[in-house]
Amino acid sequence: MNALTAILVLGPLAFVVSPLALQAGPGNKTMRVYSARMETLFIRLDVNSDGRLDASEVQGRRGLSRRLKRQNNRSYLLLEDLRLQDSSPSGPRLKQHFSQADRDRNRGLDRREAKRIPWISRNFNVLDRDRDGTVTLQELWNHQRSLAPRQRLP
61 MNALTAILVL GPLAFVVSPL ALQAGPGNKT MRVYSARMET LFIRLDVNSD GRLDASEVQG
121 RRGLSRRLKR QNNRSYLLLE DLRLQDSSPS GPRLKQHFSQ ADRDRNRGLD RREAKRIPWI
181 SRNFNVLDRD RDGTVTLQEL WNHQRSLAPR QRLP
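Residue numbering for the sequence shown follows the numbering used here, starting at 61 and increasing by one per position.
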């Protein structure tokens, strides 16, 4: 049973058994949901069902178009290109700014350190999800993913 058939037959249950959702790890629901949404989007956009997204299929999707442009030797995206490699935050710029602001190197920004990044300082209470007085890179990453628009089911 391919992924599209599984989604059509099983509906929401297909996400539970999806290999992409399982890859995200059993303990991280946010990552599983994100992975399932990306797989659904890939299937919906792959109009010719060739298992690839070319420029015409990602047209109008800025994030996917940028990702396609970053492919070195190909003119298409595969589902593996959209899969999460692990549950750790990515984004070199975010990591760089965060580590520069983290003066005591405890992998968290307190209110004083957060002033070095104005956006984090202004939104500190929202970003500090566990209310421990620090904003971690993981909390920033989870917040960033939560801002992604919800995808419609195919």
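Just so it is clear, CB atoms sit at the ideal spot from N, CA and C, and this is done for glycine as well.
CB contact flag (residue i, residue j, <8 Å)
i, j, result
"alanine 115", "leucine 105", "no"
"arginine 112", "leucine 137", "yes"
"threonine 194", "aspartate 170", "yes"
"valine 107", "glutamate 117", "yes"
"arginine 182", "alanine 161", "no"
Limits of the alpha helix (DSSP H) - the one that residue i falls within
i, result
"arginine 205", "197-206"
"arginine 182", "178-182"
Cβ distance (whole Å) where residue i is taken to contact residue j below 8 Å
i, j, result
"tyrosine 94", "arginine 172", "In fact, because the Cβ distance is near 32 Å, the residues do not count as touching under 8 Å."
"leucine 207", "leucine 187", "Their Cβ separation, rounded to whole angstroms, is 12 Å, which puts leucine 207 and leucine 187 out of contact at 8 Å."
For residue i, the three-state DSSP class (helix, strand or coil)
i, result
"asparagine 62", "Residue confidence is low: asparagine 62 scores 47 on pLDDT, short of 50, so the model does not pin down where it sits. No coordinate-derived value is stated."
Which ranges does the alpha helix (DSSP H) cover as unbroken runs of at least 4 residues, wholly within the stretch 88-174, from first to last along the chain? 89-105, 115-118, 122-129, 139-142, 152-161, 171-174
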